[in-house]
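Heads up: the structure comes next, in structure tokens.
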Amino acid sequence: MLSRFGSWTSFTIALAMLCVTTGCVERRMIIDPRPVGAIVYDEKDQPIGAGPVDKVFTYYGEYRFRIAKDGYETLVYTQRVRAPWYELPGLDFIAENLIPWTIRDVHRFYPVLQPAQVVPPEDVLRQGQLLREFGRTIGVPIPVLNPPVVGPTVGDKVTN
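Numbering (the working numbering), first residue to last: 8 to 167.
Encoded structure:
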């Protein structure tokens with residue numbers, strides 16, 4: 008009877024230890040652009056939202072964001088997210104599975120947008136005139152002597 012009771016107690020303690028020792032690492036990055044309210048797009052060019060935004064990530068490495076707002080130049084922002092010491096190989100298993108509390112790994116970034124450069128219309132017209140003058144000095148393009156042979160396309164009737 009004692010051995011049966013002892014094995015049941017051991018099983019209960021082992022099960023309780025498994026439930027208690029479920030660790031977790033929560034990885035987030037907060038992108039807080041200046042000025043506030045700029046739209047942040049992720050690597051796949053999908054909008055995350057208006058800044059400041061919160062993005063959950065799984066892997067450490069380099070992330071690229073596009074940040075846009077009316078009246079400001081669009082910024083392509085590249086940021087490297089480095090792994091902390093507890094995510095080194097070997098220690099990462101302990102941090103993610105055995106520690107009985109949640110580790111929060113939060114990275115904050117503050118990209119700054121530059122105001123858009125307003126070009127006066129006179130400068131645009133002057134640049135256009137310069138390009139037009141340059142185009143006249145180039146002359147007529149040389150015709151292609153041996154044009155490429157193009158085969159029939161889909162839908163063309165082939166006659167024999």
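Heads up, the beta-carbon is just placed ideally off N, CA and C, and yes, glycines get one too. All figures in this text were calculated on a predicted structure; none of them were measured in a lab.
Residue range 128-145 is occupied by the alpha helix (DSSP H) that includes Val131.
Under the rule that a run must span 4 or more residues, no alpha helix (DSSP H) segment is found entirely inside the stretch 25-65. Annotation for Phe72: Ile38, Val47, Tyr48, Asp49, Tyr84 place their beta carbon closer than 7 Å to its own, counting only its chain and skipping 5 residues before and after. Annotation: Pro127 to Gln136 spans about 15 Å, alpha carbon to alpha carbon. In this structure, the CA atom of Pro148 is about 14 Å from the CA atom of Phe141.
Per the coordinates, the alpha-carbon of Val88 lies some 14 Å from the alpha-carbon of Glu33.
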